[in-house]
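Residues 1 to 500 (full-length UniProt numbering) are what the sequence shown spells out, left to right.
Just so it is clear, CB atoms sit at the ideal spot from N, CA and C, and this is done for glycine as well.
Notes to accompany the following structure.
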Amino acid sequence: MRLTIYNLIKCGFFSDNLPSQVFTSIEIADFLKDNSSMINLNSISLKSKRIESAPCLFISSYKSDLERRILAIPHIDLYLMLCEAIEKHRRVIESKLRQNQHSYSNIIAPNQIIGYKVFSRFMKNYHDRTIYSAGYKYLLKIDLSKCYENIYTHSLTWALYGKENSKDELKKSPSKRNPTYAIYDEFDKLVRSINNNETKGIPTGPLSSRIVSEIILTSIDEILSRKGHHFKRYVDDYNFYFRTESEINEFIPLFQNILYDYKLHVNTEKTQISKYPYQLNQDFTKILKEHDFSKDGYLKYIEKMIELHQGNKGVLKYGLKILSSHTIPNKEKKLVFSHLVNIILSFPNMAEYVYDIILNNSFTFDRSIQKNINNILASCLNYKHELETIWLLCVMGSLDMEIEVENLVNIIDHAEPLSTIIALDYVQKKGLNRENEIKISKNNLKSKLNNETIYGDKWILIYEINRNQWITGLKKILNQSKLLEEALSNNVRFYLSLFN
């Protein structure tokens, strides 16, 4: 993948955990491609208004029963400036990443993008690791603790210019600093700009964070490689190979010290030491491909897929892709649908594939199922399960299910912007604006948004409200952003309606 503004916005603005059929950055990427002068105008506008940073829109997602993962959507104006810097310095970035033979998550590797999705080759990487591990009796698996949350943005400059060199430059007055250092320091500022100028942590979701983390972790890989260690890495998951167990005991504190220099840490709970055979893996592709749907049915397939998932990464994605190419018989649809809803709630990062299955099959539902889905939606809203809420709304929209007014009011009053966008669209398309509770909620929302700036975390909500004319009187806020003002005049969409 070439690190261009177009690719970085089209392929990497929204997290790939969000519904790409509903929330899209393709149109803004195409708009900027056709109106390249807007890139410079955006930069000039931000500098004239002294807008140096903006908060992300944060969306919580399931990680475990005790922990939520936080996804982020940056402000498009600031993200565009960061993408401009990445494109400007792409030769330096690409050169650094291209030399790393230890990473499976190198974003510039060939065929990392299909359509507009970044993807990994799980089975290919597994086979490659098996060959690479020949002659090594022990495997040490190490996961970095909350990698994106702990990344210190100044370490980006260290990775590109050297830590000690960077510290030496920082002691000088700005006018006497090395021009190359100044470029990388500005890059660091732009990385911080999309996350409210925070130096600790980079947002989980945008492709820029994958690039930043890969630059930093590549520098760590270089240190490990110079020391002669045998390893492979995918994002923040390391596989180290050793001939004796004593080598592992010597290595772990050394690795912790290397990470500490970059303010990163080992997740000790996930650290595993295994002795050969340590990479035996069920060939789930063969098992799932050979399932006889006509004989054993779809329910057994799903149960088999979930059972295989317990010990194998990649099973759900692979299995759901197979299922999306099948037409599920009517007699099994009710049971299959129940499993699909549970997969969305338990593995929302797989929801895109579940959604494809729902779109490809004419699922029917009775009033009891509709009531049950509304109850699940109410529970997700109550517990602030935001990504699950978004996906449930998408499922309900695709099936033309009725969304109860109580849930709509709860969304408009309390939910994050993406769910609110879907709810406002539903209200408009279903003619519910005259409902008294809806009118009160929309008026309250208008009052709240009138106290907002377009450079807050509700910018996308303000934009789509103006574009769709769901609420009047908010145009003045949107016009604070030159880019969004021009995008609106060209009817650029971030949201594709679910409802007729």
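Use the C-beta contact count for S155: other C-beta atoms within 10 angstroms, 16 or more gives buried, fewer gives exposed.
Here residue 155 refers to the residue found at position 155 when the sequence shown is read from its first residue. It is buried - the Cβ of S155 has at least 16 other Cβ atoms within 10 Å.
With which residues is E67 paired in a DSSP beta bridge?
Taking the first residue of the sequence shown as position 1, residue 67 is located at position 67. In the DSSP output, where bridge partners are listed per residue, E67 has S64.
Any idea what DSSP makes of S481, helix, strand or coil?
Here the question's residue 481 lines up with position 481 in the sequence shown. Correct three-state label for S481: coil.
Express the C-alpha separation of L418 and H385 in angstroms, rounding to a whole number.
Residue numbering aside, residue 385 sits at position 385 when the sequence shown is read from its first letter. Residue numbering aside, residue 418 sits at position 418 when the sequence shown is read from its first letter. One C-alpha to the other measures close to 13 Å.
Look up A72 in the DSSP assignment and give the residues it is bridged to.
In the sequence shown, residue 72 corresponds to position 72, counting from 1. Partner(s): F58.
Express the C-alpha separation of Y148 and Y262 in angstroms, rounding to a whole number.
The count along the sequence shown starts at 1 and reaches residue 262 at position 262. The count along the sequence shown starts at 1 and reaches residue 148 at position 148. Approximately 12 Å between the Cα atoms of the pair.
What separation, rounded to the nearest whole angstrom, lies between the Cα atoms of T4 and C83?
Position 4 of the sequence shown, counted from the first residue, corresponds to residue 4. Position 83 of the sequence shown, counted from the first residue, corresponds to residue 83. If you take the alpha carbons of T4 and C83, they lie about 7 Å apart.
If you draw a straight line from the C-alpha of Y116 to the C-alpha of F14, how long is it?
In the sequence shown, the residue the question calls residue 116 occupies position 116. In the sequence shown, the residue the question calls residue 14 occupies position 14. Residue confidence for Y116 is low, a pLDDT of 49 falling below 50, so the modelled location carries little weight; the figure read from the coordinates is stated next. Their Cα atoms are separated by approximately 11 Å.
Which stretch, first to last residue, makes up the alpha helix (DSSP H) that contains D237?
Start at 1 with the first residue of the sequence shown, and residue 237 comes out as number 237. Premise fails: D237 lies in the beta strand (DSSP E), 237-242, not in any alpha helix (DSSP H).
Relative to the C-alpha of P55, which candidate in L432, G201, N195 has its C-alpha closest?
As a working note, residue 55 is residue 55 in the sequence shown. That would be N195, whose Cα lies nearest to the Cα of P55.
Helix or strand or just coil, what does DSSP make of Q101?
In the sequence shown, residue 101 corresponds to position 101, counting from 1. In this structure, Q101 counts as coil in the three-state DSSP scheme.
Enumerate, from N- to C-terminal direction, the unbroken alpha helix (DSSP H) stretches of 4 or more residues contained entirely within the region 122-204.
Runs found: 122-132, 147-150, 154-161, 163-171, 179-193.
If you pair each beta-carbon of the region 296-304 with each one of the region 259-279, do three or more pairs fall below 8 Å?
Too few Cβ pairs lie closer than 8 Å, so no.
Who are R226's beta bridge partners in DSSP?
Sequence index remark: in the sequence shown, residue 226 carries index 226 (1-based). Its beta-bridge partners do not exist; DSSP assigns none.
Could you tell me the alpha carbon to alpha carbon distance between D53 and K295, rounded to whole angstroms?
The residue you call residue 53 lines up with position 53 of the sequence shown. The residue you call residue 295 lines up with position 295 of the sequence shown. Checking the sequence shown, residue 53 turns out to be Ser, not Asp. Roughly 58 Å separates the two Cα atoms.
With C-beta atoms as the reference, is I76 less than 9 Å away from S208?
Taking the sequence shown and counting its residues from 1, one reaches residue 76 at position 76. Taking the sequence shown and counting its residues from 1, one reaches residue 208 at position 208. Not a contact, by the Cβ cut-off of 9 Å.
Out of curiosity, what's the CA-to-CA distance linking I343 and V354?
Mapped onto the sequence shown, residue 343 falls at position 343. Mapped onto the sequence shown, residue 354 falls at position 354. Using only the alpha carbons, I get a separation of about 8 Å.
Per the contact definition of three or more C-beta pairs closer than 8 Å, is the region 431-442 in contact with the region 22-41?
No, they do not touch.
If you follow the beta strand (DSSP E) that Q21 is part of, which residue opens it and which one closes it?
For this step, residue 21 is matched to residue 21 along the sequence shown. Unbroken run through Q21: none, as it is neither H nor E.
Please report the straight-line C-alpha distance between K49 and M81, rounded to a whole angstrom.
The sequence position of residue 49 within the sequence shown is 49, counting from 1. The sequence position of residue 81 within the sequence shown is 81, counting from 1. Answer to the nearest angstrom: the Cα atoms are 15 Å apart.
Taking Cβ positions, are E388 and Y62 nearer each other than 9 Å?
Taking the first residue of the sequence shown as position 1, residue 388 is located at position 388. Taking the first residue of the sequence shown as position 1, residue 62 is located at position 62. Against a cut-off of 9 Å, the Cβ pair of Y62 and E388 comes out as a contact.
Report buried or exposed for Y260, applying the criterion of at least 16 other Cβ atoms within 10 angstroms of its Cβ.
Residue mapping note: residue 260 aligns to position 260 of the sequence shown, counting from 1. Classification for Y260: exposed.
Select from T244, F284, L254 the residue whose C-alpha is nearest the C-alpha of S274.
To locate residue 274, count along the sequence shown from 1; it is residue 274. Here the closest residue by C-alpha is T244.
Taking the continuous alpha helix (DSSP H) assigned at Q370, which residues delimit it?
If you number the sequence shown from 1, residue 370 lands on position 370. Where Q370 is concerned, the enclosing alpha helix (DSSP H) stretches over 367-382.
According to DSSP, which residues form a beta bridge with Y495?
As a working mapping, residue 495 is identified with position 495 in the sequence shown. Partner(s): F23.
Do you know how far the Cα of L254 is from the Cα of L217?
On the sequence shown, position 217 is the one that residue 217 refers to. On the sequence shown, position 254 is the one that residue 254 refers to. If you take the alpha carbons of L217 and L254, they lie about 16 Å apart.
Nearest CA to the CA of R367: which residue from M401, Y181, C394?
As a first step, residue 367 is located in the sequence shown; it is residue number 367 there, counting from the start. Checked all of M401, Y181, C394; the closest Cα to R367 is M401.
Quick one: grab the DSSP three-state call for K321.
To locate residue 321, count along the sequence shown from 1; it is residue 321. In this structure, K321 counts as helix in the three-state DSSP scheme.
Could you check the C-alpha separation between G162 and K88 for me, to the nearest Å?
The residue labelled residue 162 in the question sits at position 162 within the sequence shown. The residue labelled residue 88 in the question sits at position 88 within the sequence shown. Those two C-alpha atoms are separated by around 20 Å.
Compute the Euclidean distance between the alpha carbons of P74 and K96, then round it to the nearest angstrom.
Here residue 74 corresponds to residue number 74 of the sequence shown, with the count starting at 1. Here residue 96 corresponds to residue number 96 of the sequence shown, with the count starting at 1. Roughly 26 Å between the two C-alpha positions.
What do you get for T153, buried or exposed, if any count of 16 or more other CB atoms within 10 angstroms of its CB means buried?
Within the sequence shown, numbered from 1, the residue matching residue 153 stands at position 153. Buried, since its Cβ has 16 or more Cβ neighbours within 10 Å.
Checking 9 Å against the spacing of the C-beta atoms, do Y495 and V22 come in under that value?
For the purposes of this step, residue 495 is taken as the residue at position 495 of the sequence shown. For the purposes of this step, residue 22 is taken as the residue at position 22 of the sequence shown. Their beta carbons are under 9 Å apart, which means Y495 touches V22 by this criterion.
According to DSSP, I273 sits in a beta bridge with which residue or residues?
Residue numbering aside, residue 273 sits at position 273 when the sequence shown is read from its first letter. Looking at the DSSP assignment, I273 forms a beta bridge with L140.
Taking K446 as part of the alpha helix (DSSP H), name the residues at either end of that continuous run.
If you number the sequence shown from 1, residue 446 lands on position 446. K446 -> alpha helix (DSSP H) spans 436-449.
What residue from N330, G431, F284, W158 has the CA that sits closest to V315's CA?
Taking the sequence shown and counting its residues from 1, one reaches residue 315 at position 315. Residue F284 is the option with its Cα nearest to V315.
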